[in-house]
Every structure is written in C-alpha cells, then in structure tokens.
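Q:
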Amino acid sequence: MTAVLENPATESPKPEAGAVSTFDVTLRVRRYNPESEHGEESVWDEFTVTAHGTDRVLDALHKIKWEQDGSLTFRRSCAHGVCGSDAMRINGRNRLACKTLLKDVNPDKPITVEPIKGLPVIKDLVVDMEPFFASYREIMPFLITSGNEPSRERLQSAEDRERFDDTTKCILCAACTSSCPVFWTDGQYFGPAAIVNAHRFIFDSRDEGATQRLEILNDKEGVWRCRTTFNCTEACPRGIEVTKAIQEVKRAMITRAF
Amino acid sequence: MQTHQYDVVIVGAGGAGMRAALEASGEARTAVISKLYPTRSHTGAAQGGMAAALANVEEDNWEWHTFDTVKGGDYLVDQDAAEILAKEAIDSVLDLEKMGLPFNRTPEGRIDQRRFGGHTREHGQAAVRRACYAADRTGHMILQTLYQNCVKQDVEFYNEFYVLDLITDHDLTTEDIEDGAEVNATGVVAYDLASGEIHVFQAKAIIFATGGAGKIFKTTSNAHTLTGDGMALAYRRGLPLEDMEFFQFHPTGLAGLGILLSEAARGEGGILRNSEGERFMERYAPTIKDLAPRDIVARSMANEVREGRGAGPNKDYVLLDLTHLEPAHIDAKLPDITEFARTYLGIEPYTEPVPVYPTAHYAMGGVPTNVAGEVLRDSHNVVKGLYAAGEVACVSVHGSNRLGTNSLLDINVFGKRAGRSAAAYAKTVERHPDLPEHPTARVEAQLSEMRDRPEGERVADVRRALQETMDANAQVFRTGESLNEALADIRELQKRYRNVSVQDKGKLFNTDLLEAIELGFLLDIAEVTVVAALNRKESRGGHYREDFPNRDDANYMLHTMAYRRPTSAPDAGDGHVPGYFDHVEDFGDYKVVLGSKPVTQTRYEPMERKY
Ligand SMILES: Cc1cc2nc3c(=O)[nH]c(=O)nc-3n(C[C@H](O)[C@H](O)[C@H](O)COP(=O)(O)OP(=O)(O)OC[C@H]3O[C@@H](n4cnc5c(N)ncnc54)[C@H](O)[C@@H]3O)c2cc1C
Ligand code: SF4
Ligand code: FES
C-alpha cells in the first residue's frame with residue numbers, strides 16, 4: 016500500500032503570524048542522474064536545512080538547491096498549489112511540495128522525498144509526464160457540440176453547472192494517477208486523471224460527446240480496471256473526489272448501455 | 005543543433021500564447037514553444053474574473069468599460085486600444101464559453117458577473133457587476149479551456165523548451181537604422197531542457213507571449229518562472245521596453261508570503277481593516293471604498309502600516325475581514341483563496357480576519373506593440389514578423405495601473421489579434437528570410453560560459469540581493485533617493501552576475517543552469533524598471549514618487565521608451581524630450597537611453613482621478 020501512516024505533527028500552539036520560529040529538518044531525497052557517477056543507479060541523499068514555521072517542503076528543496084547542491088532537480092512554478100508542477104512522494108504519499116507544510120509531515124524525523132511512481136524518472140524528482148498527458152489527450156478533453164453555435168452564450172442552469180464542478184478543478188498534477196496500484200503495474204491504464212477529465216465533459220450539460228468518451232473508457236485499459244482503492248482521492252491536492260467521479264463514469268456506462 | 009521551419013512560432017503557452025495559437029494554427033504551420041507545460045503557465049493562477057460589459061445582471065456597456073480602463077490607468081492608456089479591449093471583450097468571453105469554459109451562471113442560466121475594483125457604471129457613479137468568473141479559479145478555467153481546444157485543433161507544442169534569443173536581420177543594438185527602413189524578425193533560438201540541445205526555429209512570424217516579470221521583487225504573487233524572459237530578450241536585441249516603471253502591487257497578498265487573495269474577496273463584500281478595526285478605505289476612497297483601484301488601495305494599506313495602524317505583532321500588515329460573510333457564500337464564491345489562508349497561514353477566514361499586505365503582481369509595461377500586436381522598434385516603426393501579446397506586451401491598455409480582470413481580457417483580445425495578424429502576415433511571405441550564419445553563437449557562448457565557470461558566486465545570493473533591494477527601494481513608495489540606491493545595487497549585482505557559477509554541469513534537465521540564465525533576465529528588467537522610475541518625476545497610477553506626489557500631465561503625459569545602447573551611441577534617442585525624457589544611465593559596457601512615445605487620446609480628457 017502506498018499510504019504510510021504518520022504521527023500527526025505534534026500540536027504546537029499556532030505561532031502569531033509574523034513571529035518566527037525556526038527548526039532544523041532533514042530531507043532524504045531519492046536521487047537519479049544518469050550523468051552522475053552513479054549512472055543508472057538511484058541513491059538516497061540527506062540534507063539538513065533550517066526552516067521557518069510555515070515553510071513548505073518546496074521551500075526546503077529550494078534551500079537545498081540554492082544553498083547546498085545546485086544539481087538537485089525538481090519541477091515547480093506557482094508555489095501555491097495551482098500549476099500542478101511539483102507532485103512528489105513525500106513520506107510515502109503523493110503530495111504537492113508547495114502545499115505541504117514541513118510541520119505537517121513530522122519534521123522530527125527525516126522526511127523522505129521521491130519522484131511519483133509509474134512514470135519514467137528523468138532526473139531526481141523529475142519524471143517524464145508524456146505518457147500521462149497522452150492518456151489525457153485520448154479521452155477527448157474538449158467540449159463536443161453539434162449544429163450552429165448560438166450567437167450569445169449557451170445557457171446552462173446553475174445546477175447543471177454544479178454537476179461537474181468538482182472535476183473542473185483538476186490541475187493535471189498526476190498525483191492521483193501515480194498513486195494508483197493498477198497504474199503502477201499497467202502503464203497502459205488510462206488512470207484516474209484522464210477519467211476525471213472525461214467526467215468533467217461527460218457531465219457537462221452542454222456537451223454531446225459522452226458516448227464517444229464512454230466508448231473510449233470502456234476499453235480494457237479503461238474505467239473497469241479501477242479497483243476502488245481510494246488512493247487517488249487521498250492523493251488529490253485539489254480535494255477532488257476522484258473515486259466518486261470514476262464510479263459515476265462507470266455508472267453512466269452501465270445506464271447508457273451502448 | 006536542430007533546425008525547424010514554421011510559418012508562425014509562438015513563444016509562451018499561457019493564455020495569450022494559446023489564444024494566439026488557436027487563431028494561427030488553422031491558418032498557417034504553427035508551433036508553440038514553452039518553457040513550461042502549457043497547463044503550468046501562470047494564467048492558471050488567476051482567480052477573480054475577466055471583464056466584459058455583457059450586461060447579464062445589470063445595465064452596462066463597453067463605453068463605460070473603456071472609460072473605467074482609461075481612468076483606472078491614470079490616463080496613460082492609449083484610448084484607441086482601450087476601446088478595442090472593451091468592445092471585443094464581449095466576443096472574447098462568448099468565445100471562451102463556446103469553447104467550453106464553465107462560467108458561473110445566473111439563475112437564468114447566463115454567464116454570471118460580479119463586482120471588481122475600478123469597474124463602474126456611468127463613469128464612476130457606482131460599482132458595476134462586469135467580471136465574468138468561474139468561482140475563484142477563472143484563470144485556471146481559461147488556461148484549461150484554451151489547452152483543451154489546442155488539443156482539439158492538434159496544435160504542435162515544444163514543451164520545456166526555453167527560448168533564449170531572438171534573431172533579426174539587422175542588429176538593432178549597434179546599427180543606426182533609418183526611419184521607415186525594413187527590419188525583419190527571422191527566428192528564435194531555444195534550449196531543450198530535457199536534453200540540453202539547442203534548436204533553431206526559423207519563422208515567418210514570431211509571437212512573444214512569455215508573461216510577466218514579478219520575480220524582480222521578493223514579495224510577489226508571481227510564479228518562480230515569471231522572470232521577464234521575452235521582455236529581456238527584446239531589450240537585449242535593441243528593442244525598446246515601454247512604461248517599465250509601472251508595476252502593480254496588488255493590495256491583498258498573504259502577509260509575508262505574497263500569495264494572492266483575489267480582489268474578488270472584496271468584490272464579494274470583504275473589508276480591509278487596520279489594527280483599530282477601522283474600515284480605513286472610507287477615508288481614502290469615500291465612494292467606492294475597498295473597491296478603489298489597486299494602486300490606491302495598496303498605498304492606503306502601506307500608509308496605515310507606516311502610520312502605526314498595522315496589525316499583528318510587528319504591526320506590519322492589515323486585515324482582510326470576511327467574517328461577516330456567510331460561510332456558504334464564501335465556499336461558493338471564494339473556495340480557493342480561503343483555502344490558501346488556511347493552508348499557508350493557518351487562519352480560518354470564516355471566523356478570523358486574514359493578514360494581508362501588497363504584493364508585486366503585474367507589469368503594466370513591456371514590449372511595445374500596436375493594436376494589431378506588431379512590435380515597435382521605436383515610437384512608430386514596427387519590426388516585420390514580430391508580434392507580442394499578454395503581460396509581456398504593452399499595447400497600452402493598462403496605462404499606469406491595470407484594473408482587475410482586464411488582463412485575462414487583454415490576453416484573450418490581443419492574443420487573438422496577434423495570432424490572426426501573424427498568420428495573415430506569414431501567408432504574404434513567400435520564403436523564409438535567411439538566418440545569419442551562426443544563429444546560435446550567442447546562446448552557445450552564454451551557456452557554456454555559465455556552465456564552465458568553475459567556481460563563483462551562487463545564483464541564489466545575487467537573486468536574493470536583487471529582490472531585496474527592489475522590495476526596499478522600488479515598491480509602493482519610491483523616492484529619488486531610494487531609486488538611486490536600487491540602481492547602485494543593480495549595477496553592482498550586474499557585475500557580480502558575471503561571476504556566478506552553477507554547480508550542475510550536466511546536459512540533462514539542468515534547472516540550475518536555467519535559473520542562472522533567468523537571473524540575467526531579472527537583472528535586466530530591474531535595471532530598466534529603476535531607470536524609468538528615476539526619470540519619471542511625478543506620481544501616476546502604480547508609480548508613486550513621494551518626492552513628486554502629484555501627477556504632472558504637462559510634462560509626463562508620455563509613454564517611457566527605454567533602449568539599451570552601446571556606450572558609443574548618441575545620448576538623444578527617439579522621442580527625446582530635453583529635461584523630461586532624456587535620462588541616460590551608463591552601465592560600463594552599454595547604456596540605457598530613454599525616449600518617449602505619445603499617448604493616444606480620443607474621447608476622454610485627463611481628469612483628476614477620484615473614487
Ligand atoms: C495570482 C494571480 C491572479 C491573477 N488574477 C487575475 C484576474 O482575476 N483577472 C485578470 O484579468 N488578471 C489576473 N491576473 C493577471 C493575469 O493572470 C496575467 O497577467 C495573465 O494571465 C498573463 O498571461 P500570459 O499569457 O501573458 O502569461 P503566462 O500565463 O504567464 O504565460 C507565459 C508563458 O510563457 C512561457 N515562457 C516564458 N518564458 C519563456 C521562455 N524563455 N521560453 C519559452 N517559453 C517561455 C511560459 O512557459 C508560459 O507558458 C492574475 C495574476 C496572478 C499572478
Ligand atoms: S484529479 Fe487531482 S490528483 Fe489527479 S491530476 Fe487532477 S488535480 Fe492532480
Ligand atoms: S509549484 Fe505549482 S503546484 Fe506546486
């Protein structure tokens with residue numbers, strides 16, 4: 016199983032914003048660099064940095080990169096959980112480094128940081144995202160309509176809009192797909208993120224492509240492979256009910272029976 | 005080295021770049037080059053909304069929107085461009101809806117609209133509901149929708165490719181080019197992060213859509229990757245940058261972090277309070293209070309803190325109070341930003357006010373363009389085949405201060421225009437213009453020098469020093485003295501930059517190397533920003549000089565144009581105005597020469613800006 020139970024961080028009284036409490040934290044980082052002396056072998060490296068109360072794992076990684084080892088490699092951009100660049104395995108669980116406060120992942124012990132699983136590692140924490148995006152593109156992630164476009168906007172009731180709200184939040188970070196045991200053993204499986212994005216259109220009242228998408232997902236590498244382990248839902252940094260979305264897609268497949 | 009040929013090459017896959025791609029890719033062979041995966045672009049961070057006078061919920065029209073934009077920009081806006089922005093806003097929102105964007109809806113099922121700072125009815129009478137939105141992740145939905153449509157149209161992307169040089173057929177940095185002479189952009193040089201290989205993209209038309217430069221400041225709402233690349237590349241190749249002294253500081257960044265809490269929080273009823281619990285905006289903008297334009301609110305906040313009415317242990321921030329709003333309303337309209345407060349500050353916005361302070365947010369200035377998106381090489385000549393759109397560009401629809409929700413609009417309206425113009429132009433060009441003999445020479449030299457320098461200073465140290473001096477000396481309040489201090493620091497840092505070294509010497513995914521290159525862009529952008537700010541001895545919009553607190557239309561109603569020139573070049577450039585737009589700053593190997601460009605005024609006479 017992927018989820019590793021952690022001791023909830025010792026409850027410290029919330030510091031007044033602005034007051035600075037510092038602590039030392041050690042990160043154990045999984046390194047891989049084919050150009051290095053280790054060649055094709057992955058190794059663990061430990062770094063200790065001084066962190067502030069509200070620092071996130073990304074801050075610690077930056078400190079390492081900027082002050083100790085410039086070759087430590089990871090992706091990041093927005094630094095506040097909206098761009099989807101920095102999903103990684105932190106203490107055995109997929110999370111966004113920029114959204115994970117150090118104090119919430121038991122900084123008294125070394126914090127392990129590894130690349131997400133199931134996608135080829137390029138260097139350190141960077142994986143090849145192409146297979147992930149390829150699955151996404153396959154489910155036709157765009158509005159499909161027929162006939163003439165209306166001259167103004169299409170109408171959609173607030174309830175119809177609400178129907179697929181949850182799955183519009185996806186930032187394509189791959190935390191869900193790369194936490195899925197089915198995906199680990201079968202890289203061909205579409206994976207939760209692609210299904211989430213199919214859901215976003217299948218349940219959009221304006222869309223007319225549901226049948227096509229359901230057919231695609233009815234494939235042997237489609238939704239039926241999901242074994243409802245809920246890893247994806249736990250992993251999703253956007254709080255999307257991923258498993259529920261997958262279940263809804265399965266149900267749509269049965270009820271629409273084509 | 006690999007070489008590619010396209011009709012249109014778009015640099016940047018944010019909102020502006022992808023909107024352009026959707027226009028160009030059907031018409032001409034198009035490639036989009038982006039240093040990030042398209043969906044990682046910072047357009048996705050935009051929260052509050054996109055302005056358009058749809059009049060779905062109350063009376064509104066594009067003329068009011070134009071007026072608000074011009075007034076909001078403290079009259080430094082080119083009014084012809086603002087009019088286009090406001091008129092085409094309506095179609096650009098409808099375009100997005102038709103592409104699938106899940107806007108929030110009114111009870112009738114139409115696109116819902118909400119209030120935002122500076123957007124008013126009847127020329128300032130009262131706030132108007134003009135911002136179209138999708139919860140507080142409008143930018144996310146725009147970015148996703150545009151990417152989805154790029155997938156649909158099979159747009160070709162080169163992801164995690166960094167463009168590091170622009171190729172033109174004349175060297176604008178040294179040659180003295182006559183008025184009216186033809187200058188062509190012929191390609192770009194890019195670096196493939198994954199392999200470390202250099203690629204040349206030969207193109208008939210090139211669109212820069214590389215976004216902003218917020219990382220010149222320490223406290224910013226901008227992504228780590230917003231390092232002003234497109235602006236710096238143009239500037240290094242001798243093109244001017246326009247109005248760089250105008251940087252917007254957004255009032256409500258999470259205190260100490262800079263992470264943005266959208267103005268939508270105030271649009272939905274949030275109130276700013278000082279340590280005494282006073283709604284202080286009533287004193288500064290009696291009519292529209294908390295929804296005054298950003299520059300005014302940001303200065304008011306900074307002033308409260310300066311005068312000792314800041315909250316918190318160090319009295320260094322103010323409070324954004326949402327506690328009087330219904331939790332259900334907050335959840336429906338502001339879910340993401342309230343989560344930021346919870347995640348990053350441990351504050352529960354239902355019951356506690358949120359600590360906020362101004363954060364560097366948006367570059368009003370940039371690469372000058374006309375309304376077709378064509379890039380200018382001085383106040384009036386264009387570079388053929390070169391276009392720019394989005395935050396990298398300056399059209400100028402934002403003047404000295406952008407109104408909230410006008411940038412998501414800008415990227416759509418002018419992204420579309422640039423895409424169309426570029427494709428149309430590419431069709432008129434029979435064959436690709438020739439490239440110079442060694443198009444990659446400069447980039448290769450730059451990269452190998454940086455990679456091979458055995459030891460030197462750390463990139464992070466120089467960057468931190470830059471960001472600190474910019475925050476201390478060129479933020480919400482500026483003086484001649486503070487700006488001179490920033491300038492002295494930047495000179496010194498430019499020197500230190502020549503001695504930085506990277507530890508990663510490899511070819512594969514070398515982000516250490518690219519961070520060093522990006523630091524070079526930041527230094528150049530900070531340099532122009534400060535020189536332009538020193539020159540503008542007045543206060544207007546986002547640029548506030550305590551030593552010159554008033555707007556001075558008689559002398560400064562002009563756009564600043566900043567050029568980097570060799571030291572041997574003449575000091576008086578295009579648009580030179582003795583005594584006002586005549587600043588020259590020597591940097592040893594080169595100098596920065598300032599000139600100007602007239603502001604286009606059509607309907608609206610400049611008035612005092614009161615809210
Ligand atoms: C937190 C936040 C909230 C905001 N909210 C709003 C709002 O509610 N309403 C509003 O109107 N505006 C808002 N804005 C402003 C608005 O979002 C931005 O100005 C706008 O999205 C910029 O879009 P862009 O396409 O120009 O740039 P970006 O989306 O930043 O895209 C830049 C692109 O250029 C690429 N790039 C950069 N350099 C290179 C290079 N060297 N080589 C190759 N590619 C490169 C990047 O990979 C990226 O794809 C907000 C901004 C922020 C930061
Ligand atoms: S569903 Fe959640 S975890 Fe999966 S890709 Fe989208 S945002 Fe990431
Ligand atoms: S850096 Fe953007 S999600 Fe973490």
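Heads up: the protein sequence lines correspond to chains A and B, in order. Converting from the first sequence to our numbering requires adding 15 to each position, the first position being numbered 1. Converting from the second sequence to our numbering requires adding 4 to each position, the first position being numbered 1. Using N, Cα and C, we set each Cβ at its ideal position, and we do this for glycine too.
Check whether the Cβ atoms of residue 155/B and residue 43/A sit closer than 8 Å, and answer yes or no.
A: As a first step, residue 155/B must be located in the second sequence, where it is residue number 151. As a first step, residue 43/A must be located in the first sequence, where it is residue number 28. No, Cβ-Cβ distance for residue 155/B and residue 43/A is not below 8 Å.
Q: Heavy atom of ligand 2 less than 7 Å from the Cβ of residue 99/A, yes or no?
A: Position 84 of the first sequence, counting from 1, holds the residue named residue 99/A. Because some heavy atom of ligand 2 lies under 7 Å away, the Cβ of residue 99/A counts as near it: yes.
Q: Out of 206/A, 145/A and 229/A, which has the shortest C-alpha to C-alpha gap to residue 197/A?
A: Numbered from 1 along the first sequence, position 182 holds the residue referred to as residue 197/A. Among 206/A, 145/A and 229/A, the Cα nearest to that of residue 197/A belongs to 206/A.
Q: For residue 129/B, which of helix, strand or coil comes out of DSSP?
A: Translated into positions along the second sequence, residue 129/B becomes position 125. In the structure shown, residue 129/B sits in coil (DSSP, three-state: anything other than H, G, I, E or B).
Q: Going by the CB atoms, is the gap between residue 113/B and residue 170/A shorter than 8 Å?
A: Position 155 of the first sequence, counting from 1, holds the residue named residue 170/A. Position 109 of the second sequence, counting from 1, holds the residue named residue 113/B. Yes, Cβ-Cβ distance for residue 170/A and residue 113/B is below 8 Å.
Q: Report back the beta-carbon spacing between residue 241/B and residue 142/B to the nearest angstrom; my notes put them in contact at under 8 Å.
A: Position 237 of the second sequence, counted from the first residue, corresponds to residue 241/B. Position 138 of the second sequence, counted from the first residue, corresponds to residue 142/B. Not confirmed; about 34 Å, so no contact.
Q: Does the CB of residue 62/B have a neighbour CB from chain A at under 8 Å?
A: On the second sequence, residue 62/B is found 58 positions in, with the first residue counted as 1. No - not a single Cβ of chain A is within 8 Å of the one on residue 62/B.
Q: For residue 112/A, which residues does DSSP report across the bridge?
A: In the first sequence, the residue the question calls residue 112/A occupies position 97. In the DSSP output, where bridge partners are listed per residue, residue 112/A has none listed.
Q: Going by the DSSP bridge assignment, what does residue 129/A pair with across the sheet?
A: Along the first sequence, one-based indexing puts residue 129/A at 114. In DSSP, residue 129/A forms a bridge with 104/A.
Q: Between the Cα of residue 191/B and the Cα atoms of 473/B, 590/B and 9/B, which residue gives the shortest distance?
A: Taking the first residue of the second sequence as position 1, residue 191/B is located at position 187. Residue 9/B is the option with its Cα nearest to residue 191/B.
Q: Verify the contact flag: residue 57/B, CB atom, against every heavy atom of ligand 2, threshold strictly below 7 Å.
A: Residue numbering aside, residue 57/B sits at position 53 when the second sequence is read from its first letter. Not under cutoff, so the answer is no.
Q: Can the beta-carbon of residue 423/B be found less than 8 Å from the beta-carbon of residue 19/B?
A: As a first step, residue 423/B is located in the second sequence; it is residue number 419 there, counting from the start. As a first step, residue 19/B is located in the second sequence; it is residue number 15 there, counting from the start. Contact: no.
Q: Apart from the five residues on each side of it in sequence, which residues of its chain come closer than 6 Å, Cβ to Cβ, to residue 615/B?
A: As a first step, residue 615/B must be located in the second sequence, where it is residue number 611. Only 289, 291, 292 and 296 meet the Cβ criterion.
Q: Flag this pair as yes or no: are the beta carbons of residue 617/B and residue 375/B separated by less than 8 Å?
A: Because chain B is modelled from 5 through 615, residue 617/B falls outside the range shown and cannot be assessed.
Q: Less than 7 Å between C-beta atoms, sequence neighbours within five positions excluded: which residues of the same chain meet that for residue 221/A?
A: For the purposes of this step, residue 221/A is identified with residue 206 of the first sequence, where counting begins at 1. Counting only Cβ-Cβ distances below 7 Å, and skipping sequence neighbours, we find 158, 160, 169 and 171.
Q: For residue 350/B, which residues from the same chain have a beta carbon less than 8 Å from its beta carbon, with the 5 sequence-adjacent residues on both sides left out?
A: Translated into the one-based positions of the second sequence, residue 350/B becomes position 346. So the list is empty, once near-sequence residues are dropped.
Q: Along chain A, which residues have their Cβ under 7 Å away from the Cβ of residue 156/B?
A: In the second sequence, counting from the first residue as 1, residue 156/B sits at position 152. Residues of chain A passing the Cβ test: 157.
Q: Which residues mark the beginning and the end of the alpha helix (DSSP H) in which residue 515/B is found?
A: Here residue 515/B refers to the residue found at position 511 of the second sequence. Its alpha helix (DSSP H) spans residues 515-539.
Q: Would the segment 158-172 of chain B count as touching the segment 544-564 of chain B if we require 3 or more Cβ pairs under 8 Å?
A: Because the criterion of three Cβ pairs below 8 Å is not met, the segment 158-172 of chain B and the segment 544-564 of chain B do not touch.
Q: For a contact meaning CB atoms closer than 9 Å, what does residue 5/B contact in chain A?
A: By one-based count along the second sequence, residue 5/B stands at place 1. Chain A residues near residue 5/B: none, gap ~20 Å exceeds 9 Å.
Q: Counting only beta-carbon atoms, is residue 84/A nearer than 8 Å to chain B?
A: Position 69 of the first sequence, counting from 1, holds the residue named residue 84/A. It does: the Cβ of residue 84/A has a partner Cβ on chain B nearer than 8 Å.
Q: Taking the C-alpha atoms as reference points, what is the distance between residue 163/B and residue 328/B?
A: Position 159 of the second sequence, counted from the start, is the residue given in the question as residue 163/B. Position 324 of the second sequence, counted from the start, is the residue given in the question as residue 328/B. About 45 Å.
Q: Tell me, please, whether the segment 178-196 of chain A touches the segment 101-112 of chain A by the rule of three or more beta-carbon pairs shorter than 8 Å.
A: Contact holds: three or more Cβ-Cβ distances are below 8 Å.
Q: Which same chain residues, not among the five before or five after residue 541/B, have their C-beta less than 7 Å away from its C-beta?
A: As a working mapping, residue 541/B is identified with position 537 in the second sequence. Around residue 541/B: 549 and 552.
Q: Does DSSP classify residue 269/B as helix, strand or coil?
A: Mapped onto the second sequence, residue 269/B falls at position 265. Of the three classes helix, strand and coil, the one that applies to residue 269/B here is helix, per DSSP.
Q: Kindly indicate which three-state DSSP category residue 38/A falls into: helix, strand or coil?
A: Counted from its first residue, the first sequence places residue 38/A at position 23. Note: residue 38/A maps to strand in three-state DSSP.
Q: Counting only the same chain and skipping the five closest in sequence on each side, list residues whose C-beta sits under 7 Å from that of residue 16/A.
A: Against the first sequence, residue 16/A aligns to sequence position 1. Note on residue 16/A: pLDDT 34, under 50, position unreliable in the model; the coordinate value appears next. Here the set comprises nothing.
Q: Report whether the distance from the Cβ of residue 477/B to the nearest heavy atom of ligand 1 is below 7 Å.
A: Here residue 477/B corresponds to residue number 473 of the second sequence, with the count starting at 1. No - ligand 1 has no heavy atom lying nearer than 7 Å to the Cβ of residue 477/B.
Q: At a Cβ cut of 7 Å, what residues of the segment 84-107 of chain A count as close to chain B, listed as they run along the chain?
A: Here the close residues are 84, 85, 86, 88, 91, 92, 93, 94, 95, 97, 98, 99 and 100.
Q: Within 10 Å of its beta-carbon, does residue 620/B have 16 or more other beta-carbons around it, so buried, or fewer, so exposed?
A: An answer regarding residue 620/B cannot be provided, because it is not within the stretch 5 to 615 covered by chain B.
Q: Buried or exposed: residue 203/A, going by 16 or more other Cβ atoms within 10 Å of its Cβ?
A: Working through the first sequence from its first residue, we reach residue 203/A at position 188. It counts as exposed.
Q: Using the beta-carbon count (16 or more within 10 Å), is residue 199/B buried or exposed?
A: For the purposes of this step, residue 199/B is identified with residue 195 of the second sequence, where counting begins at 1. Result: exposed.
Q: Using a Cβ-Cβ cutoff of less than 6 Å, which residues in the same chain neighbour residue 577/B once the five nearest sequence positions on both sides are dropped?
A: Taking the second sequence and counting its residues from 1, the one referred to as residue 577/B is at position 573. Result list for residue 577/B: 567, 597 and 599, in chain order.
Q: Taking a cut-off of 7 Å, which residues have a beta-carbon closer than that to any heavy atom of ligand 2, in chain order?
A: The filter returns 99/A, 102/A, 184/A, 185/A, 186/A, 187/A, 188/A, 189/A, 190/A, 191/A, 192/A, 207/A, 208/A, 211/A, 247/A, 250/A, 251/A, 252/A, 253/A, 255/A and 257/A, in chain order.
Q: Can you tell me which residues form a DSSP beta bridge with residue 136/B?
A: Taking the first residue of the second sequence as 1, we reach residue 136/B at position 132. According to DSSP, residue 136/B bridges with 54/B and 117/B.
Q: In chain order, what residues of the same chain have a beta carbon less than 8 Å from the beta carbon of residue 39/A, not counting five sequence neighbours either side?
A: Start at 1 with the first residue of the first sequence, and residue 39/A comes out as number 24. Answer for residue 39/A: 63, 64, 65 and 66, listed in chain order.
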